[in-house]
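If you want our numbering, it's the 1-based position in the sequence shown plus 434. Ideal placement from N, C-alpha and C gives every residue a C-beta, glycine not left out. Quantities reported herein were computed from a predicted structural model and do not represent experimental measurements. Taking it in order: structure first as structure tokens, then the write-up.
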Amino acid sequence: MSRLLTTIAAGLLSALAIVPASAQEKVVNVYNWSDYIDESVLEEFTKETGIKVRYDVFDSNEVLETKLLGGKTGYDVVVPTGSFLQRQIQAGVFLKLDKAKLPNIQYQWPLISDRLAVYDPGNDYAVNYMWGTTGIGMNVDKVKERLGDIPLNSWDIIFKPEILKKLKDCGVYMLDGPEEIIPTALRYLGKDPNSKDPKDIEAAGELLAKIRPFIKKFDSSGYINALAGGDICIATGWSGDVFQAKARAEEAAEKTGKPPINIEYIIPKEGALMWFDNFAIPKDAPHPDEALAFINFMMKPEVAAKNSNYISYASGSEGAQKFIDKAILDNPAIYPDKETQAKLFTVTTYPQKVQRVVTRTWSNFKRGK
């Protein structure tokens with residue numbers, strides 16, 4: 435009897451061995467930022483391609499980078515921000531894109547692709563998904579109640595201790611991102627936000643130390659709901675996130691019949707960081723062809739627009755613009771005009787020695803040292 439079972443088992447294994455790969459389940463493992471996609475797009479992708487999406491989220495570049503540099507992430511598509519992308523390309527963690535399998539790349543916005551090339555020369559390893567700015571999200575009524583009629587379009591609100599302390603009681607959140615906040619502090623100090631001088635980094639740290647007592651939490655995702663729910667009155671944040679908070683506040687108001695919380699996003703007059711989030715394929719991706727299919731699908735103008743309309747971020751697709759809601763496309767806080775663009779700045783990756791200074795400075799800031 436046992437010999438018969440062995441024979442049957444061997445036959446079954448033999449049959450499985452000759453099942454073509456195409457008959458096996460196709461999968462793509464995606465690792466993206468939280469609250470950063472219209473999930474119906476994932477269903478559309480599976481319906482069109484037959485490829486199932488396994489989707490995980492992160493809320494900081496540091497978390498993603500730790501996984502990438504550790505190797506064997508198990509992910510096929512990841513979404514690093516420009517300066518991190520640059521460092522990761524140098525570390526050799528990504529596959530070069532097979533652009534012959536990305537026909538929808540023709541719809542990408544040359545203006546954005548050219549800026550992305552600062553981090554990825556030749557656009558060999560990544561294509562832009564979304565881009566935006568790092569500014570200030572606020573509950574306007576609560577802020578005005580405490581600050582009076584002072585101008586709200588300045589980084590003074592964040593970096594002047596005598597102002598920020600007036601907002602402590604209603605809640606102040608800070609992005610948990612040194613590559614975002616330290617360059618912004620340098621711009622406020624009148625220094626080069628892209629400075630690699632350790633003394634400049636330390637000067638930014640001294641500025642940040644003065645406002646530390648008034649910061650309730652360091653957070654890179656929860657501030658959306660905190661703003662929308664009226665739990666905090668101000669946060670440094672990403673443009674689209676703040677507009678998501680505004681939309682959620684308006685939806686909640688419709689359900690309750692109460693007036694919506696007045697949330698606004700500000701690009702301060704001193705300027706703001708311009709960033710780029712991008713699709714890339716890890717070198718050890720288990721399903722590289724499926725990854726290319728996913729990226730190509732996401733670059734379809736209608737799909738790119740659907741994501742922009744859902745999350746209120748500017749798309750890297752120029753072809754998508756004819757499908758993007760006019761309220762988003764015409765909003766200068768999302769698609770800045772030329773005058774505002776002139777005040778935006780970008781930063782590149784830190785050399786290893788300077789990165790240690792950045793890490794130490796940020797750690798001391800968070801701990802209040």
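Asked	Found
Rounded Cβ spacing between alanine 748 and tyrosine 769 (contact assumed at less than 8 Å)	5 Å
Residue from Gly750, Gln678, Asp634, Lys630 whose Cα sits closest to the Cα of valine 781	Lys630
Residues of its chain near glycine 624, where Cβ-Cβ distance is below 8 Å and the 5 sequence neighbours each way are ignored	none
Cβ pair phenylalanine 728, phenylalanine 528 closer than 8 Å	no
Inter-residue spacing [alpha-carbon to alpha-carbon] between threonine 507 and tyrosine 559	17 Å
Reduced DSSP secondary structure (H/G/I, E/B, other) of tryptophan 543	coil
Three-state secondary structure assigned by DSSP to tryptophan 589	coil
Other residues of its chain near proline 766: CB distance less than 7 Å, five sequence neighbours each side excluded	Thr774
Proximity of isoleucine 616 and isoleucine 592 at Cβ, strictly below 8 Å	no
The alpha helix (DSSP H) enclosing asparagine 495, as first and last residue numbers	495-504
Beta-bridge pairing of serine 749 - partner residues as DSSP gives them	Met564
Own chain partners of phenylalanine 757 with C-beta closer than 7 Å, once the 5 adjacent residues on each side are dropped	Pro735, Glu736, Ala739
Spatial distance of threonine 795 from alanine 662 (CA atoms)	31 Å
Where proline 716 falls: helix, strand or coil (DSSP)	strand
Glycine 526 beta carbon less than 8 Å from that of aspartate 718	no
Nearest-angstrom Cα separation, counted from alanine 681 out to alanine 761	12 Å
N- and C-terminal bounds of the alpha helix (DSSP H) containing alanine 637	632-645
Residue from Phe731, Asp711, Pro632, Arg801 whose Cα sits closest to the Cα of valine 791	Pro632
Candidates Lys530, Val511, Leu519, Leu536, of which the one nearest asparagine 730 by Cα	Leu536
C-beta atoms of serine 468 and aspartate 493 nearer than 8 Å	yes
Range of the contiguous alpha helix (DSSP H) that encloses glycine 516	516-524
Under the three-state DSSP convention, the category alanine 660 falls into	helix
Cut-off 8 Å between Cβ atoms - residues of its own chain near leucine 641, not counting five sequence neighbours on either side	Phe593, Ala619, Tyr622, Leu623
Three-state secondary structure assigned by DSSP to asparagine 466	strand
C-alpha gap between aspartate 548 and asparagine 466, whole angstroms	23 Å
Same chain, Cβ closer than 6 Å to lysine 501, five either side skipped, listed in chain order	Thr507
Contact under 8 Å by Cβ, threonine 515 with leucine 778	no
Proximal residues to aspartate 590 (C-beta, below 7 Å), its chain only, five neighbours per side dropped	Ile597
Straight-line gap, alanine 455 to glutamate 724 (C-alpha atoms, nearest Å)	The pLDDT assigned to alanine 455 is 41, lower than 50, so where the model puts this residue is not dependable; a value taken from the coordinates is nonetheless given after this. The alpha-carbon atoms of alanine 455 and glutamate 724 are separated by roughly 13 Å.
Close-in-space but distant-in-sequence residues of the same chain around alanine 804 (CB under 8 Å, 5 per side omitted)	Residue 804 falls outside the range modelled here, since the chain spans only 435 to 803, and no answer is possible.
Simplified DSSP assignment, three categories, for methionine 732	helix
Residue range of the alpha helix (DSSP H) that includes lysine 787	786-801
Straight-line Cα distance separating isoleucine 485 from aspartate 510	12 Å
Residue nearest to glutamine 524 in terms of C-alpha spacing, selected from Asn538, Ile539, Tyr553	Tyr553
Pairwise C-alpha distance: leucine 498 and glycine 556	23 Å
Tyrosine 489: first and last residue of the uninterrupted beta strand (DSSP E) it sits in	485-492
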